[in-house]
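S.K.: The C-terminal position of the sequence shown is numbered 152 in the UniProt record's numbering, with every residue numbered one higher than the one before it.
Below you will find the structure I want to go over with you.
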Amino acid sequence: MNIDDRDRRILTLLQQDARMSNADLAEAVGMSASALWRRVRALEAGGVIERYGAIVNPSAMGLGFQAIVHVHLTRHDPEKLVEFIRAVEGSALVQECYATTGQADYHLRILAPDLEAYNLFLEQFLFQLPAVASAQTNLVLRTIKHNKPVSP
1 MNIDDRDRRI
11 LTLLQQDARM
21 SNADLAEAVG
31 MSASALWRRV
41 RALEAGGVIE
51 RYGAIVNPSA
61 MGLGFQAIVH
71 VHLTRHDPEK
81 LVEFIRAVEG
91 SALVQECYAT
101 TGQADYHLRI
111 LAPDLEAYNL
121 FLEQFLFQLP
131 AVASAQTNLV
141 LRTIKHNKPV
151 SP
């Protein structure tokens, strides 16, 4: 999909406030409401806009413990790998998972209520997966940058 300057402006505004009305958004970018509506629908259909949502404060939800876990796999057996991926996708504590290059095979961002809950996650979940050889945890002391809008 070809993204022009007007699309970039629309995307910037929607990332700042996804609840902005169609009329307000149209006015901000200098388009008619119907033309803007068609443009936004095209961005959605083209996969540029994947979804809309709210940004929730984890601490307000009782999730004050955050960690980045570097996971090393025992082997890259396709069956065990699929099992690992499905398990991670199904875990409520795993917020994000990335397959990466480097020493670790996967990096997980974990949100948990506290250290005890995280320890249970390790012992009763992660270390029970046959593909997992080891994991190294980095505790998040403070977040410097999070949920940065994509600059098209």
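In this text, a Cβ means the ideal position worked out from N, Cα and C, and glycines have one as well.
Just list the residues that DSSP pairs Ile55 with in beta bridges.
M.R.: Beta-bridge pairing links Ile55 to no other residue.
S.K.: Between which two residues does the beta strand (DSSP E) harbouring Ser134 extend?
M.R.: Where Ser134 is concerned, the enclosing beta strand (DSSP E) stretches over Val132 to Leu139.
S.K.: Which residue comes first and which comes last in the beta strand (DSSP E) that contains Phe84?
M.R.: Taken as a continuous stretch (DSSP letters only), Phe84 belongs to no beta strand (DSSP E), being part of the alpha helix (DSSP H) at Pro78 to Gly90.
S.K.: Would DSSP call Glu96 helix, strand or coil?
M.R.: In the structure shown, Glu96 sits in a strand (DSSP, three-state: E or B).
S.K.: Thinking C-alpha only, which one of Thr12, His107, His146 and Ile144 is nearest Val132?
M.R.: Cα-wise, what sits closest to Val132 is His107.
S.K.: Could you give the DSSP three-state label for Arg9: helix, strand or coil?
M.R.: Here Arg9 sits in helix by DSSP.
S.K.: Please go through the same chain and pick out, in chain order, the residues whose beta-carbon is closer than 6 angstroms to the beta-carbon of Ser134, but skip the five residues on each side of it.
M.R.: So the list reads His72, once near-sequence residues are dropped.
S.K.: Please work out which residues of its chain come closer than 8 angstroms, Cβ to Cβ, to Glu83, disregarding the five sequence neighbours upstream and downstream, and give them in chain order.
M.R.: Taken in chain order, the residues that qualify are Leu129, Pro130 and Ala131.
S.K.: Could you say if the region 8-17 and the region 38-47 meet the contact criterion of at least three C-beta pairs nearer than 8 angstroms?
M.R.: Segments in contact, yes.
S.K.: So, does the region 58-76 touch the region 108-121, judging by three or more C-beta pairs under 8 angstroms?
M.R.: Flag = yes, the region 58-76 and the region 108-121 touch.
S.K.: Are Leu14 and Ala67 closer than 8 angstroms when you measure CB to CB?
M.R.: No, these two residues do not count as a Cβ contact at 8 angstroms.
S.K.: Considering only their Cβ atoms, is the gap separating Phe65 from Leu115 smaller than 8 angstroms?
M.R.: Contact flag set, yes.
S.K.: To which residues does DSSP link Pro48 through a beta bridge?
M.R.: The residue you asked about is not Pro; residue 48 is Val in the sequence shown. For Val48, which the question treats as bridged, DSSP gives no partner whatsoever.
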